[in-house]
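The structure under discussion appears below in the form of structure tokens.
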Amino acid sequence: MLVLVVLWAGMARAGQVAWLEYSNARFGYIFFHPVYFEPQPEADNGDGRRFLAPEYEAEASAWGSVLLAPSLENEFQQVQGYLIQGGASVTYSSKGEDWFVLSGYAPDGRIYYRRTILQDGMLASFILTYPEVHKNFFAPVVELMAMHLRFAE
Numbered sequence: 157m158l159v160l161v162v163l164w165a166g167m168a169r170a171g172q173v174a175w176l177e178y179s180n181a182r183f184g185y186i187f188f189h190p191v192y193f194e195p196q197p198e199a200d201n202g203d204g205r206r207f208l209a210p211e212y213e214a215e216a217s218a219w220g221s222v223l224l225a226p227s228l229e230n231e232f233q234q235v236q237g238y239l240i241q242g243g244a245s246v247t248y249s250s251k252g253e254d255w256f257v258l259s260g261y262a263p264d265g266r267i268y269y270r271r272t273i274l275q276d277g278m279l280a281s282f283i284l285t286y287p288e289v290h291k292n293f294f295a296p297v298v299e300l301m302a303m304h305l306r307f308a309e
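Residues 157 to 309 (this note's numbering) make up the sequence shown, in order.
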């Protein structure tokens with residue numbers, strides 16, 4: 157019960173911060189982020205952009221792509237393999253019919269959280285990285301970001 161109260165309090169704090177939507181025209185997805193993440197210029201190919209929160213030493217990237225793997229399960233396995241091959245650890249993973257999540261520690265010790273969703277052969281993903289010292293601060297932020305990553309109607 158105490159855990160639920162703590163999580164609820166964290167969600168309330170995250171919800172009290174102003175949030176902005178980034179809409180990607182090329183792939184049609186929407187990424188929801190706190191106002192303290194400063195948007196960087198959109199990628200030259202129009203697939204997404206980076207967002208920096210220097211005060212928290214955090215970075216988020218959102219991007220879209222076409223599913224080239226035979227299935228979302230194959231995409232999940234490939235991404236997990238790339239992360240591990242690059243020196244990251246995977247401490248949490250979960251997947252559904254049209255989404256997956258991978259989280260753990262990057263090679264530099266920072267926490268990462270990646271979520272990918274699938275719709276009509278298109279993928280939308282985001283990854284958030286931040287120092288472990290800010291883990292409790294970002295837990296509700298990650299939850300809201302994940303909940304609101306979606307394709308436009």
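Built from N, CA and C at the ideal position, the CB exists for glycine as well. Given the structure is predicted, the values throughout are model-derived calculations rather than measurements.
key: Ordered list of alpha helix (DSSP H) runs contained in the region 225-277, each at least 4 residues   = List check, alpha helix (DSSP H) in window: 228-241.
query = Ends of the beta strand (DSSP E) at Ala209?
reply = In the DSSP assignment, Ala209 falls within the beta strand (DSSP E) that extends over 204-209.
ask   = From Pro190 to Leu176, what distance separates their C-alpha atoms?
value = Rounded to whole angstroms, Pro190 and Leu176 show a C-alpha spacing of 6 Å.
inquiry  = So, at 8 Å on beta carbons, what are the nonlocal neighbours of Gly260 in its own chain, with the 5 sequence-adjacent residues on each side left out?
reply    = Within its own chain, the residues whose Cβ lies closer than 8 Å to the Cβ of Gly260, once the five positions on either side in sequence are excluded, are Leu239, Ala244, Ser245, Val246, Thr247, Tyr248, Ile267, Tyr268, listed in chain order.
inquiry  = Considering only the alpha carbon of each residue, which of Ala308, Tyr192, Phe282 lies closest to Gln275?
reply    = Out of Ala308, Tyr192, Phe282, Ala308 has the C-alpha closest to the C-alpha of Gln275.
inquiry  = Can you list, in chain order, the residues of its chain with a C-beta nearer than 8 Å to that of Glu223? Leave out the 5 residues immediately preceding and following it.
reply    = Reading off the sequence, residue 223 comes out as Leu, not Glu. Only Glu231, Leu274, Gly277, Met278, Leu279 meet the Cβ criterion.
ask   = For the putative contact between Pro263 and Gly242, defined by C-beta atoms under 8 Å, what is the C-beta separation to the nearest angstrom?
value = Sure, about 7 Å apart at Cβ, within 8 Å.
query = With DSSP run on the structure shown, which of helix, strand or coil describes Tyr185?
reply = Collapsing the DSSP output to three states places Tyr185 in a strand.
query = Leaving out five residues before and five after Ala179 in sequence, what residues of the same chain have Cβ atoms less than 6 Å from its Cβ?
reply = Reading the sequence as shown, one finds Ser at residue 179 and not Ala. Counting only Cβ-Cβ distances below 6 Å, and skipping sequence neighbours, we find Ile186.
Under the three-state DSSP convention, the category Glu177 falls into = Strand.
ask   = Based on the DSSP secondary-structure assignment, which residues constitute the bridge partners of Leu279?
value = Ser221, Leu274.
key: Tyr212 - DSSP class collapsed to helix/strand/coil   = DSSP places Tyr212 in helix when its eight states are reduced to three.
inquiry  = Need the endpoints of the alpha helix (DSSP H) that Asn292 sits in, please.
reply    = Segment 291-304, the alpha helix (DSSP H) holding Asn292.
key: Residues of its chain near Gln172, where Cβ-Cβ distance is below 7 Å and the 5 sequence neighbours each way are ignored   = Its chain contains no residue whose beta carbon lies nearer than 7 Å to that of Gln172 once the 5 sequence neighbours on both sides are disregarded.
ask   = Who are Pro195's beta bridge partners in DSSP?
value = Residue pairing by DSSP places Pro195 opposite Phe207 in a beta bridge.
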